[in-house]
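Residue numbers (our numbering): 72 to 581. Note that the Cβ used here is the ideal one computed from N, Cα and C, for glycine as well. Just so we're clear, the structure is a prediction, and the values are computed from it rather than from any experiment. Following: one structure in structure tokens, then a few remarks.
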Amino acid sequence: MTDRITVLDFGSQYSHLICRRIRDLSVYAELVPYDITAEELARHDPKGIILSGGPASVSDGDAPIPEDAVFESGLPILGICYGHQLIVHRYGGRVKRANREYGSSTLTVDGGGAGLLGGIGGSVRAWMSHGDEAEQVPRNFEVIGHTENSRAAAIASRDGPPVYGIQFHPEVAHTEQGSRILENFVLNVCKASRDWTMSRFVEEAVGKISGIEGNVLCGVSGGVDSTVAAVLIHRAIGERLKCVFVDNGLLREGESREITGIFRDNFGMNFEAVDAAQKFLGKLRGVADPEAKRKIVGEEFVRVFSDFAESRGPFRWLAQGTLYPDVIESGVSKGPASVIKSHHNVGGLPEWLDLEVLEPLRDLYKDEVREVARILGVPRSIYMRHPFPGPGLAVRIMGEVTPEKLKIARVAGKIVEDELGQAGLYSEVWQAYAAVGDDRAVGVVGDGRVYGNIVMIRVVSSTDAMTADWTRLPHDLLEKMSNRITNEIDNVTWVSYAVSSKPPATIEPQ
Ligand code: XMP
Numbered sequence: 072m073t074d075r076i077t078v079l080d081f082g083s084q085y086s087h088l089i090c091r092r093i094r095d096l097s098v099y100a101e102l103v104p105y106d107i108t109a110e111e112l113a114r115h116d117p118k119g120i121i122l123s124g125g126p127a128s129v130s131d132g133d134a135p136i137p138e139d140a141v142f143e144s145g146l147p148i149l150g151i152c153y154g155h156q157l158i159v160h161r162y163g164g165r166v167k168r169a170n171r172e173y174g175s176s177t178l179t180v181d182g183g184g185a186g187l188l189g190g191i192g193g194s195v196r197a198w199m200s201h202g203d204e205a206e207q208v209p210r211n212f213e214v215i216g217h218t219e220n221s222r223a224a225a226i227a228s229r230d231g232p233p234v235y236g237i238q239f240h241p242e243v244a245h246t247e248q249g250s251r252i253l254e255n256f257v258l259n260v261c262k263a264s265r266d267w268t269m270s271r272f273v274e275e276a277v278g279k280i281s282g283i284e285g286n287v288l289c290g291v292s293g294g295v296d297s298t299v300a301a302v303l304i305h306r307a308i309g310e311r312l313k314c315v316f317v318d319n320g321l322l323r324e325g326e327s328r329e330i331t332g333i334f335r336d337n338f339g340m341n342f343e344a345v346d347a348a349q350k351f352l353g354k355l356r357g358v359a360d361p362e363a364k365r366k367i368v369g370e371e372f373v374r375v376f377s378d379f380a381e382s383r384g385p386f387r388w389l390a391q392g393t394l395y396p397d398v399i400e401s402g403v404s405k406g407p408a409s410v411i412k413s414h415h416n417v418g419g420l421p422e423w424l425d426l427e428v429l430e431p432l433r434d435l436y437k438d439e440v441r442e443v444a445r446i447l448g449v450p451r452s453i454y455m456r457h458p459f460p461g462p463g464l465a466v467r468i469m470g471e472v473t474p475e476k477l478k479i480a481r482v483a484g485k486i487v488e489d490e491l492g493q494a495g496l497y498s499e500v501w502q503a504y505a506a507v508g509d510d511r512a513v514g515v516v517g518d519g520r521v522y523g524n525i526v527m528i529r530v531v532s533s534t535d536a537m538t539a540d541w542t543r544l545p546h547d548l549l550e551k552m553s554n555r556i557t558n559e560i561d562n563v564t565w566v567s568y569a570v571s572s573k574p575p576a577t578i579e580p581q
């Protein structure tokens, strides 16, 4: 089994980042709820444990406290921020409420850093975000680093299994030598092997999937996740995989042709494209409400998919490109997020289809999937493709989906993507598109007055789509996009640029 580091999640927004940084070292890291049971933890058999940060205070009556077995496991432990305070509390020290400290502090290493802070230099910039601090260090611990405001910003056990606590966040990019600190813990203290590589993942996944019986159905969208899932499964079971691509009439300019071409030319797998555009567009006629549009697309998708499964079956498995963050979202110690939009993917298939779910990418982060894509020879145009929502242009068209607005969103969207590509910025941003609604504005074309549509360009930067910032594109690039949109599309008179971040906005307008 691959060596692993288990991160107990106390709800920090950086918990995933800890795992990702460790995986960058080619060591498998996983996120589990903080209240994981002793038996479950033993089943995971980690080489070391990390206690993440979190919003709570150890002195709160309802503070999240892990089972004692975690501390009694004899495994190396590293506590970060809230995890640091937990260690102080658990081993008999004292935590007090302090002035909130956010942002950069200078960490000075004391006494060589006891293995954890070795090799990072005498002092580094460390990123803090906390309201409590260690007032009294537990008896058999020593201070290995301090900041101006925090006398015990890093501590280490003097004897017994190695236990470390650090008040700052080594996983964020603002902490200098943060990766080195995690590397010291994972490789030197835990002695984890660097055996988490994507080529090994491919080999093992293919081995595992080869053992399944029956046929597999996979819906592919042309996005990196479903494509990689399909190529991986195809490698393992060949003809027993059938892929279906549904053209719902809400795709980007040329997308249906392009995806069909790529699958036909490159992968040599059972692939069928279903043209269901008229069905979807017919159902959407006259519907303006965003949630109603999402529901209609979702339901129609299930219908088309079920028909396909029934006529081409029997299938035993349904393959999905689910990724790691989606898998643990439900299991982790966070409150239920309110539903902002009902995101639809292939879900809610009727029970009579009786399909088991196959999710070969469920342990991977997005950048790991891209690496797998490279290994499997998936074309770059697929693995660097921007994410595209299931309901497609229906959520980029405000109000009713009409043929005119579809055309505008398609052509303008292509102009935005092309110009971004020309400027070498396509892969630098998370998503880029053009949206259109029913608002109009007066323009003058030639010598005539035109009361035309307004197109909104949206380009955002993000790492996980949970939050996003509008991208500060160069003005001359925006000008070029705007000129092309008004020149090349009839009846578009104005172009606007969306300068709202998420939150309070979302990435898609509907
Ligand atoms: P929002 O608009 O909620 O979008 O900020 C966050 C990310 O999710 C994508 N998105 C979807 N993806 N099905 C999907 O698979 C959907 O229904 C859906 N709606 C939004 C969106 O493009 C962005 O990357």
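For residue i, collect the residues of the same chain with a Cβ closer than 7 Å to its Cβ; drop the 5 residues on either side in sequence, then sort them by chain order.
i	result
Lys551	Glu490
Pro265	Note that residue 265 is Arg in the sequence shown here, rather than Pro. Excluding residues within five positions, the ones whose Cβ falls inside 7 Å are Leu96, Ser97 and Val98.
Leu102	Val78, Asp80, Ser86, His87, Cys90, Ile399 and Val403
Ile76	Ile93, Val98, Ala100, Pro117, Lys118, Gly119, Ile121, Val257, Cys261 and Ala263
Just the C-alpha distance for residue i and residue j, rounded to the nearest angstrom, thanks.
i	j	result
Glu143	Asp74	20 Å
Gly184	Gly216	7 Å
Ser409	Arg91	With a pLDDT of only 43 at Ser409, under the threshold of 50, the placement of this residue in the model should not be trusted, and no figure is reported.
Asp518	Leu88	56 Å
Phe316	Asp106	41 Å
Arg328	Asp318	10 Å
Thr557	Ala505	12 Å
Gly406	Leu420	Here the model assigns Gly406 a pLDDT of 34, short of 50, so the residue's position is not dependable, and the following value carries that caveat. For Gly406 and Leu420, the distance between alpha carbons rounds to 27 Å.
His415	Ala109	Because His415 carries a pLDDT of 46, less than 50, the predicted location of this residue cannot be relied on, and no value is offered for it.
Glu381	Val507	37 Å
Gln493	Ser194	43 Å
Between the options, which has its C-alpha nearest residue i's C-alpha?
i	options	result
Arg555	Pro431, Val526 and Arg543	Val526
Arg271	Lys476, Leu447 and Ile93	Leu447
Ala263	Ser228, Arg94, Pro474 and Ser200	Arg94
Tyr522	Cys314, Glu439, Val513 and Leu178	Val513
Gly663	Lys437, Pro233, Lys279 and Arg335	With the chain running from 72 to 581 in the structure shown, residue 663 is simply not present.
Pro241	Ala224, Lys354 and Ser228	Ala224
Arg529	Arg165, Val516, Ile486 and Ile560	Ile486
Leu424	Trp388, Tyr395 and Glu324	Trp388
Gly470	Ile304, Ser228, Ala359 and Gly231	Ala359
Gly164	Asn211, Gly190 and Ser281	Asn211
Which residue comes first and which comes last in the beta strand (DSSP E) that contains residue i?
i	result
Ala53	It is not possible to answer for residue 53, since the shown part of the chain is limited to 72 through 581.
Pro574	First-last for Pro574: undefined, no H or E at that position.
Ser175	Arg165 to Val180
Pro104	Tyr99 to Pro104
Ala344	Asn341 to Asp346
Ala624	No statement about residue 624 is possible, as the shown extent of the chain runs from 72 to 581 and does not include it.
Asp318	Leu312 to Asp318
Under 6 Å Cβ to Cβ from residue i, same chain only, skipping five residues before and after it: list those, please.
i	result
Ala465	Leu321, Lys364, Val368 and Val472
Gly392	Asp296, Ser297, Ala300 and Leu432
By the DSSP assignment, the alpha helix (DSSP H) with residue i in it spans what residues?
i	result
Asp80	Asp80 -> not in any alpha helix (DSSP H); beta strand (DSSP E) instead, spanning Arg75 to Asp80.
Ser567	Segment Val563 to Tyr568 is the beta strand (DSSP E) holding Ser567; no alpha helix (DSSP H) there.
His155	Tyr153 to Arg161
Gly484	Pro474 to Gln493
Asn558	His546 to Glu559
Cys90	Ser86 to Arg94
Against chain B, does residue i count as a neighbour if the rule is that its beta carbon must be under 7 Å from one of theirs?
i	result
Phe142	Of the protein chains in the structure, only one exists, and it is not chain B.
Excluding the 5 residues flanking residue i on each side, which residues of the same chain have their C-beta closer than 8 Å to its C-beta?
i	result
Ala347	Val317, Asp318, Asn319, Gly320, Glu371 and Val375
Pro450	Ile333 and Asn337
Arg171	His201 and Gly202
>> Would the stretch 115-126 count as touching the stretch 80-98 if we require 3 or more Cβ pairs under 8 Å?
In response: Because the criterion of three Cβ pairs below 8 Å is met, the stretch 115-126 and the stretch 80-98 touch.
>> Any contact between the stretch 454-465 and the stretch 291-300? By contact I mean 3 or more CB pairs, one from each, below 8 Å.
In response: In this structure the stretch 454-465 touches the stretch 291-300; the number of beta carbon pairs closer than 8 Å is three or more.
>> When you compare the stretch 203-214 with the stretch 155-174, are there three or more beta-carbon pairs, one atom per stretch, that lie closer than 8 Å?
In response: Between the stretch 203-214 and the stretch 155-174, the count of C-beta pairs closer than 8 Å reaches three or more; the two stretches touch.
> Pairing CB atoms from the stretch 245-256 with CB atoms from the stretch 338-347, are three or more of them under 8 Å?
Replying inline: With a cut-off of 8 Å, the stretch 338-347 and the stretch 245-256 do not count as touching, because too few Cβ pairs lie within range.
> How about the stretch 168-179 and the stretch 188-202: do they share at least three Cβ pairs that are nearer than 8 Å?
Replying inline: Yes, the stretch 168-179 touches the stretch 188-202.
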